[in-house]
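Numbering (the working numbering), first residue to last: 8 to 409.
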(Lines of atoms letter the chains of each structure in order from A and count residues from 1; the text may use other names and numbers.)
(Lines give C-alpha, C1' and ligand atoms only; values in the text may rest on other atoms or scores of the structure.)
Protein backbone atom coordinates (compact mmCIF):
# COMPACT_ATOMS: atom_id res chain seq x y z
CA UNK A 1 0.00 0.00 0.00
CA UNK A 2 2.78 2.39 0.89
CA UNK A 3 4.45 1.79 -2.47
CA UNK A 4 1.26 3.03 -4.20
CA UNK A 5 0.44 5.89 -1.86
CA UNK A 6 3.88 7.49 -1.92
CA UNK A 7 3.96 8.18 -5.70
CA UNK A 8 0.41 9.53 -5.52
CA UNK A 9 1.47 11.95 -2.81
CA UNK A 10 4.43 13.08 -4.90
CA UNK A 11 2.17 13.66 -7.92
CA UNK A 12 -0.24 15.71 -5.83
CA UNK A 13 2.60 17.81 -4.44
CA UNK A 14 3.90 18.33 -7.96
CA UNK A 15 0.47 19.52 -9.11
CA UNK A 16 0.17 21.83 -6.11
CA UNK A 17 3.50 23.40 -6.99
CA UNK A 18 2.53 23.86 -10.64
CA UNK A 19 -0.81 25.53 -9.87
CA UNK A 20 0.64 28.90 -8.68
CA UNK A 21 3.06 28.86 -11.62
CA UNK A 22 0.18 28.31 -14.04
CA UNK A 23 -1.73 31.23 -12.53
CA UNK A 24 1.30 33.50 -12.90
CA UNK A 25 2.20 32.24 -16.38
CA UNK A 26 0.27 34.95 -18.34
CA UNK A 27 1.99 37.70 -16.36
CA UNK A 28 5.40 36.07 -16.76
CA UNK A 29 4.89 35.71 -20.51
CA UNK A 30 3.79 39.34 -20.77
CA UNK A 31 6.87 40.51 -18.86
CA UNK A 32 9.10 38.32 -21.01
CA UNK A 33 7.88 39.72 -24.33
CA UNK A 34 7.19 43.33 -23.29
CA UNK A 35 10.13 43.89 -20.94
CA UNK A 36 12.75 41.16 -21.00
CA UNK A 37 13.03 40.52 -24.73
CA UNK A 38 13.38 44.20 -25.78
CA UNK A 39 16.12 44.71 -23.18
CA UNK A 40 18.03 41.65 -24.38
CA UNK A 41 17.70 42.73 -28.01
CA UNK A 42 18.95 46.22 -27.17
CA UNK A 43 21.91 44.99 -25.13
CA UNK A 44 23.02 42.61 -27.89
CA UNK A 45 23.60 45.62 -30.12
CA UNK A 46 26.49 46.58 -27.86
CA UNK A 47 28.48 43.62 -29.22
CA UNK A 48 26.75 42.81 -32.54
CA UNK A 49 27.06 45.35 -35.34
CA UNK A 50 26.84 43.83 -38.87
CA UNK A 51 26.33 47.07 -40.83
CA UNK A 52 29.83 47.32 -42.30
CA UNK A 53 30.10 43.61 -43.14
CA UNK A 54 26.63 43.59 -44.75
CA UNK A 55 27.41 46.67 -46.84
CA UNK A 56 30.84 45.58 -48.14
CA UNK A 57 30.60 41.89 -49.15
CA UNK A 58 32.72 42.31 -52.32
CA UNK A 59 35.26 44.46 -50.53
CA UNK A 60 35.56 41.90 -47.76
CA UNK A 61 36.19 39.07 -50.21
CA UNK A 62 38.93 40.98 -52.09
CA UNK A 63 40.42 42.50 -48.94
CA UNK A 64 41.12 39.05 -47.51
CA UNK A 65 43.63 38.53 -50.35
CA UNK A 66 45.35 41.89 -49.76
CA UNK A 67 47.13 42.42 -46.45
CA UNK A 68 48.78 45.75 -47.30
CA UNK A 69 48.08 48.71 -45.05
CA UNK A 70 46.54 50.58 -47.99
CA UNK A 71 45.26 47.87 -50.37
CA UNK A 72 45.59 47.80 -54.12
CA UNK A 73 43.37 48.78 -57.01
CA UNK A 74 41.00 45.72 -56.92
CA UNK A 75 39.91 46.54 -53.36
CA UNK A 76 39.04 50.12 -54.30
CA UNK A 77 37.04 48.95 -57.31
CA UNK A 78 35.14 46.48 -55.11
CA UNK A 79 34.49 49.24 -52.56
CA UNK A 80 33.03 51.50 -55.24
CA UNK A 81 30.79 48.67 -56.41
CA UNK A 82 29.56 47.97 -52.87
CA UNK A 83 28.85 51.64 -52.26
CA UNK A 84 26.90 51.86 -55.51
CA UNK A 85 24.71 48.95 -54.40
CA UNK A 86 24.30 50.51 -50.95
CA UNK A 87 23.18 53.78 -52.53
CA UNK A 88 20.49 51.93 -54.51
CA UNK A 89 19.38 50.05 -51.38
CA UNK A 90 19.35 53.24 -49.27
CA UNK A 91 21.78 51.86 -46.67
CA UNK A 92 24.83 53.96 -47.52
CA UNK A 93 24.03 56.60 -44.88
CA UNK A 94 23.78 54.00 -42.13
CA UNK A 95 27.07 52.50 -43.28
CA UNK A 96 28.80 55.89 -43.34
CA UNK A 97 27.51 56.67 -39.86
CA UNK A 98 28.66 53.32 -38.50
CA UNK A 99 32.15 53.73 -39.98
CA UNK A 100 32.33 57.32 -38.74
CA UNK A 101 31.96 56.14 -35.13
CA UNK A 102 35.20 54.21 -35.58
CA UNK A 103 36.96 56.80 -37.73
CA UNK A 104 35.64 60.34 -37.16
CA UNK A 105 35.59 62.47 -40.29
CA UNK A 106 35.11 59.71 -42.85
CA UNK A 107 31.32 60.00 -43.17
CA UNK A 108 31.31 62.87 -45.65
CA UNK A 109 34.12 61.27 -47.64
CA UNK A 110 32.27 57.95 -47.95
CA UNK A 111 29.10 59.73 -49.07
CA UNK A 112 31.13 61.63 -51.69
CA UNK A 113 32.50 58.36 -53.10
CA UNK A 114 29.00 56.85 -53.04
CA UNK A 115 27.62 59.74 -55.08
CA UNK A 116 30.42 59.39 -57.60
CA UNK A 117 29.82 55.64 -57.85
CA UNK A 118 26.08 56.14 -58.26
CA UNK A 119 26.70 58.51 -61.19
CA UNK A 120 28.89 55.84 -62.88
CA UNK A 121 32.07 57.88 -62.65
CA UNK A 122 35.30 55.96 -63.15
CA UNK A 123 36.35 54.42 -59.84
CA UNK A 124 40.11 54.12 -59.48
CA UNK A 125 42.34 54.06 -56.47
CA UNK A 126 43.70 57.51 -57.27
CA UNK A 127 40.34 59.20 -57.78
CA UNK A 128 38.82 57.57 -54.69
CA UNK A 129 41.73 58.60 -52.45
CA UNK A 130 41.41 62.11 -53.84
CA UNK A 131 37.72 62.15 -52.88
CA UNK A 132 38.34 60.38 -49.55
CA UNK A 133 41.86 61.12 -48.21
CA UNK A 134 41.32 58.85 -45.18
CA UNK A 135 41.21 55.85 -47.53
CA UNK A 136 44.79 56.64 -48.46
CA UNK A 137 45.88 56.10 -44.87
CA UNK A 138 46.43 52.83 -43.03
CA UNK A 139 44.15 53.84 -40.16
CA UNK A 140 41.24 54.21 -42.59
CA UNK A 141 41.53 50.63 -43.80
CA UNK A 142 42.30 49.39 -40.29
CA UNK A 143 38.89 50.74 -39.23
CA UNK A 144 37.21 48.99 -42.18
CA UNK A 145 38.96 45.68 -41.46
CA UNK A 146 37.93 45.77 -37.80
CA UNK A 147 34.38 46.72 -38.77
CA UNK A 148 34.09 43.63 -40.96
CA UNK A 149 33.67 41.57 -37.78
CA UNK A 150 30.00 41.38 -36.92
CA UNK A 151 30.76 40.78 -33.24
CA UNK A 152 32.77 43.65 -31.83
CA UNK A 153 34.11 44.99 -28.55
CA UNK A 154 34.45 48.49 -29.98
CA UNK A 155 31.40 50.01 -28.30
CA UNK A 156 31.99 48.42 -24.89
CA UNK A 157 35.59 49.66 -24.92
CA UNK A 158 34.35 53.09 -26.00
CA UNK A 159 32.06 53.17 -22.95
CA UNK A 160 35.25 53.00 -20.84
CA UNK A 161 37.10 55.55 -23.04
CA UNK A 162 39.26 52.77 -24.50
CA UNK A 163 39.97 51.59 -28.05
CA UNK A 164 42.01 49.13 -30.06
CA UNK A 165 45.22 50.74 -31.30
CA UNK A 166 46.80 50.12 -34.69
CA UNK A 167 49.34 47.87 -32.92
CA UNK A 168 46.54 45.58 -31.75
CA UNK A 169 46.66 46.67 -28.11
CA UNK A 170 44.11 48.40 -25.92
CA UNK A 171 44.77 52.08 -25.24
CA UNK A 172 42.99 55.20 -24.08
CA UNK A 173 41.15 57.40 -26.53
CA UNK A 174 42.43 60.97 -27.06
CA UNK A 175 41.80 63.28 -24.13
CA UNK A 176 39.29 65.39 -26.07
CA UNK A 177 37.18 62.26 -26.74
CA UNK A 178 37.34 60.80 -23.21
CA UNK A 179 33.94 61.65 -21.74
CA UNK A 180 32.21 58.51 -20.54
CA UNK A 181 34.29 57.69 -17.47
CA UNK A 182 33.80 61.26 -16.33
CA UNK A 183 30.04 61.01 -16.91
CA UNK A 184 29.81 57.69 -15.06
CA UNK A 185 31.79 59.17 -12.18
CA UNK A 186 29.48 62.20 -12.09
CA UNK A 187 26.42 59.94 -12.13
CA UNK A 188 27.65 57.84 -9.20
CA UNK A 189 28.76 60.96 -7.29
CA UNK A 190 25.39 62.69 -7.61
CA UNK A 191 23.57 59.45 -6.71
CA UNK A 192 25.76 59.15 -3.60
CA UNK A 193 25.16 62.77 -2.54
CA UNK A 194 21.40 62.44 -3.00
CA UNK A 195 21.40 59.17 -1.04
CA UNK A 196 23.30 60.77 1.85
CA UNK A 197 20.96 63.79 1.80
CA UNK A 198 17.85 61.60 1.96
CA UNK A 199 19.43 59.52 4.74
CA UNK A 200 20.21 62.65 6.76
CA UNK A 201 16.60 63.78 6.39
CA UNK A 202 14.84 60.43 6.50
CA UNK A 203 16.51 58.75 9.47
CA UNK A 204 15.59 61.41 12.10
CA UNK A 205 12.11 61.78 10.62
CA UNK A 206 11.51 58.02 10.73
CA UNK A 207 12.71 57.93 14.35
CA UNK A 208 10.35 60.75 15.28
CA UNK A 209 7.45 59.04 13.52
CA UNK A 210 7.97 55.82 15.52
CA UNK A 211 7.65 57.81 18.76
CA UNK A 212 4.55 59.79 17.76
CA UNK A 213 1.01 58.81 18.53
CA UNK A 214 -0.45 56.60 15.78
CA UNK A 215 -2.87 59.27 14.54
CA UNK A 216 -0.18 61.94 14.21
CA UNK A 217 2.30 59.45 12.73
CA UNK A 218 -0.30 58.57 10.11
CA UNK A 219 -0.68 62.23 9.15
CA UNK A 220 3.10 62.64 8.84
CA UNK A 221 3.28 59.47 6.75
CA UNK A 222 0.63 60.83 4.38
CA UNK A 223 2.65 64.04 3.99
CA UNK A 224 5.74 61.97 3.20
CA UNK A 225 3.83 59.98 0.60
CA UNK A 226 2.43 63.03 -1.17
CA UNK A 227 5.22 63.01 -3.81
CA UNK A 228 4.04 59.55 -4.92
CA UNK A 229 0.71 61.04 -5.90
CA UNK A 230 2.23 63.63 -8.22
CA UNK A 231 3.96 63.11 -11.53
CA UNK A 232 7.73 63.39 -11.39
CA UNK A 233 7.56 65.87 -14.26
CA UNK A 234 5.18 68.09 -12.28
CA UNK A 235 7.40 67.92 -9.19
CA UNK A 236 10.48 68.80 -11.22
CA UNK A 237 8.64 71.70 -12.90
CA UNK A 238 7.65 72.96 -9.44
CA UNK A 239 11.28 72.95 -8.35
CA UNK A 240 12.21 75.02 -11.40
CA UNK A 241 9.89 77.70 -10.02
CA UNK A 242 11.18 77.39 -6.45
CA UNK A 243 14.89 77.39 -7.32
CA UNK A 244 14.94 80.33 -9.72
CA UNK A 245 17.10 83.30 -8.84
CA UNK A 246 13.97 85.28 -8.01
CA UNK A 247 12.06 82.23 -6.85
CA UNK A 248 10.51 81.26 -3.53
CA UNK A 249 13.62 79.71 -1.97
CA UNK A 250 15.80 82.75 -2.56
CA UNK A 251 13.04 85.03 -1.25
CA UNK A 252 12.75 82.91 1.91
CA UNK A 253 16.51 82.84 2.55
CA UNK A 254 16.73 86.61 2.08
CA UNK A 255 13.76 87.19 4.40
CA UNK A 256 15.39 85.00 7.07
CA UNK A 257 18.67 86.87 6.66
CA UNK A 258 20.61 83.71 5.88
CA UNK A 259 22.03 85.15 2.65
CA UNK A 260 22.87 88.65 1.47
CA UNK A 261 22.67 87.97 -2.27
CA UNK A 262 20.51 85.71 -4.36
CA UNK A 263 21.90 82.25 -5.10
CA UNK A 264 22.18 80.63 -8.53
CA UNK A 265 20.39 77.36 -7.79
CA UNK A 266 18.88 76.65 -11.20
CA UNK A 267 21.09 74.80 -13.66
CA UNK A 268 23.48 73.92 -10.86
CA UNK A 269 24.46 70.75 -9.04
CA UNK A 270 23.14 72.10 -5.74
CA UNK A 271 19.68 72.64 -7.18
CA UNK A 272 19.75 69.23 -8.85
CA UNK A 273 20.60 67.48 -5.57
CA UNK A 274 17.84 69.38 -3.72
CA UNK A 275 15.21 68.40 -6.28
CA UNK A 276 16.32 64.77 -6.49
CA UNK A 277 16.51 64.45 -2.69
CA UNK A 278 12.92 65.67 -2.39
CA UNK A 279 11.71 63.12 -4.94
CA UNK A 280 13.71 60.26 -3.43
CA UNK A 281 13.08 60.94 0.27
CA UNK A 282 10.13 58.50 0.59
CA UNK A 283 12.16 55.67 -0.97
CA UNK A 284 14.79 56.05 1.74
CA UNK A 285 12.45 56.79 4.63
CA UNK A 286 9.88 54.01 4.25
CA UNK A 287 12.24 51.02 4.61
CA UNK A 288 13.87 52.70 7.63
CA UNK A 289 10.50 53.45 9.21
CA UNK A 290 9.31 49.89 8.59
CA UNK A 291 12.30 48.41 10.44
CA UNK A 292 12.22 50.99 13.24
CA UNK A 293 8.65 50.03 14.06
CA UNK A 294 9.75 46.45 14.70
CA UNK A 295 12.31 47.45 17.37
CA UNK A 296 10.91 46.79 20.85
CA UNK A 297 11.26 49.81 23.21
CA UNK A 298 11.68 47.37 26.08
CA UNK A 299 15.09 46.41 24.68
CA UNK A 300 16.28 50.00 24.91
CA UNK A 301 14.92 50.42 28.43
CA UNK A 302 16.61 47.17 29.49
CA UNK A 303 19.94 48.36 28.10
CA UNK A 304 19.62 51.67 29.95
CA UNK A 305 18.69 49.90 33.20
CA UNK A 306 21.92 47.93 32.89
CA UNK A 307 23.93 51.15 32.88
CA UNK A 308 24.20 51.87 29.19
CA UNK A 309 24.49 55.52 28.22
CA UNK A 310 22.04 56.84 25.60
CA UNK A 311 24.63 56.97 22.82
CA UNK A 312 25.95 53.53 23.71
CA UNK A 313 22.44 52.08 23.70
CA UNK A 314 21.78 53.70 20.33
CA UNK A 315 25.04 52.45 18.82
CA UNK A 316 25.08 48.90 20.20
CA UNK A 317 21.38 48.02 20.55
CA UNK A 318 19.25 50.25 18.32
CA UNK A 319 21.42 50.92 15.27
CA UNK A 320 22.31 47.26 14.49
CA UNK A 321 18.60 46.41 14.38
CA UNK A 322 17.63 49.26 12.06
CA UNK A 323 20.70 48.95 9.82
CA UNK A 324 18.98 46.56 7.34
CA UNK A 325 16.32 49.20 6.73
CA UNK A 326 18.97 51.92 6.36
CA UNK A 327 20.90 49.86 3.83
CA UNK A 328 17.76 48.87 1.93
CA UNK A 329 16.52 52.46 1.70
CA UNK A 330 19.92 53.79 0.65
CA UNK A 331 20.36 51.06 -1.95
CA UNK A 332 16.92 51.69 -3.41
CA UNK A 333 17.50 55.43 -3.63
CA UNK A 334 20.99 55.05 -5.07
CA UNK A 335 19.84 52.69 -7.83
CA UNK A 336 16.91 54.92 -8.78
CA UNK A 337 19.17 57.98 -8.93
CA UNK A 338 21.44 56.26 -11.45
CA UNK A 339 18.62 56.29 -14.00
CA UNK A 340 17.38 59.88 -13.57
CA UNK A 341 16.67 61.68 -16.83
CA UNK A 342 14.02 64.41 -16.59
CA UNK A 343 15.31 66.19 -13.47
CA UNK A 344 18.91 66.65 -14.72
CA UNK A 345 17.55 67.98 -18.03
CA UNK A 346 15.28 70.60 -16.44
CA UNK A 347 17.31 71.60 -13.37
CA UNK A 348 20.91 70.46 -13.84
CA UNK A 349 23.45 72.43 -15.81
CA UNK A 350 25.37 71.29 -18.87
CA UNK A 351 28.04 69.79 -16.60
CA UNK A 352 25.47 67.90 -14.50
CA UNK A 353 23.93 65.63 -17.13
CA UNK A 354 23.89 61.99 -16.06
CA UNK A 355 24.60 58.88 -18.09
CA UNK A 356 20.88 58.39 -18.83
CA UNK A 357 20.88 61.73 -20.68
CA UNK A 358 23.71 60.50 -22.91
CA UNK A 359 21.88 57.22 -23.58
CA UNK A 360 18.73 59.12 -24.57
CA UNK A 361 20.77 61.40 -26.83
CA UNK A 362 22.33 58.45 -28.65
CA UNK A 363 18.89 56.88 -29.14
CA UNK A 364 16.82 59.95 -30.10
CA UNK A 365 19.30 62.36 -31.69
CA UNK A 366 22.38 60.58 -33.00
CA UNK A 367 20.53 57.30 -33.71
CA UNK A 368 23.57 55.38 -32.50
CA UNK A 369 21.82 52.44 -30.87
CA UNK A 370 25.06 50.50 -30.47
CA UNK A 371 26.66 53.15 -28.26
CA UNK A 372 23.43 53.54 -26.31
CA UNK A 373 23.34 49.78 -25.78
CA UNK A 374 26.95 49.73 -24.58
CA UNK A 375 26.35 52.50 -22.05
CA UNK A 376 23.14 50.79 -20.91
CA UNK A 377 25.00 47.52 -20.49
CA UNK A 378 27.69 49.14 -18.32
CA UNK A 379 25.07 50.91 -16.21
CA UNK A 380 23.01 47.74 -15.78
CA UNK A 381 26.09 45.67 -14.89
CA UNK A 382 27.19 48.28 -12.34
CA UNK A 383 23.74 48.35 -10.75
CA UNK A 384 23.47 44.57 -10.54
CA UNK A 385 27.00 44.34 -9.17
CA UNK A 386 26.19 46.86 -6.45
CA UNK A 387 23.02 44.96 -5.57
CA UNK A 388 24.87 41.65 -5.32
CA UNK A 389 27.53 43.17 -3.05
CA UNK A 390 24.95 44.74 -0.76
CA UNK A 391 22.79 41.63 -0.49
CA UNK A 392 25.53 39.04 -0.25
CA UNK A 393 28.41 40.57 1.65
CA UNK A 394 26.42 42.95 3.87
CA UNK A 395 23.69 40.43 4.58
CA UNK A 396 20.92 42.67 3.28
CA UNK A 397 17.65 41.05 2.22
CA UNK A 398 15.16 43.48 0.71
CA UNK A 399 12.36 40.92 0.98
CA UNK A 400 12.68 40.16 4.69
CA UNK A 401 12.44 43.56 6.35
CA UNK A 402 10.04 44.37 9.09
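Backbone N, C-alpha and C fix where the C-beta goes; we use that ideal spot for every residue, glycine too.
Rounded to the nearest whole angstrom, the CA to CA distance from residue 383 to residue 274 is 25 Å.
In terms of Cβ geometry, residue 83 and residue 135 form a close pair [threshold 8 Å]. For residue 197, the three-state secondary structure derived from DSSP is helix.
Judged by beta-carbon spacing, residue 365 lies within the 8 Å limit of residue 190, meaning their Cβ atoms are closer than that value. In the three-state reduction of the DSSP assignment, residue 169 falls in the strand class. Relative to residue 340, the option among 140, 318 and 295 whose CA is nearest is 295. For residue 359, the closest alpha carbon among the candidates 234, 338 and 186 is that of 186. If you draw a straight line from the Cα of residue 177 to the Cα of residue 379, it comes to about 21 Å.
In the DSSP assignment, residue 178 is bridged to 170.
Taking the CA atoms as reference points, residue 397 sits about 22 Å from residue 362. When DSSP states are grouped into helix, strand and coil, residue 384 belongs to the helix group. Only residues of its own chain outside the window of five on either side were considered, and among them 197, 201, 344, 347 and 350 have a CB closer than 8 Å to the CB of residue 283, listed in chain order.
In the displayed model, residue 369 falls within a helix according to three-state DSSP. Ranking 247, 331 and 264 by CA distance to the CA of residue 355 puts 247 first.
Of the candidates 219, 312, 232 and 281, 281 places its Cα closest to the Cα of residue 199.
In this structure, the alpha-carbon of residue 162 lies about 39 Å from that of residue 251.
Separation of the CB atoms of residue 143 and residue 77 is rounded to 6 Å, and the pair is thereby assigned contact status at 8 Å.
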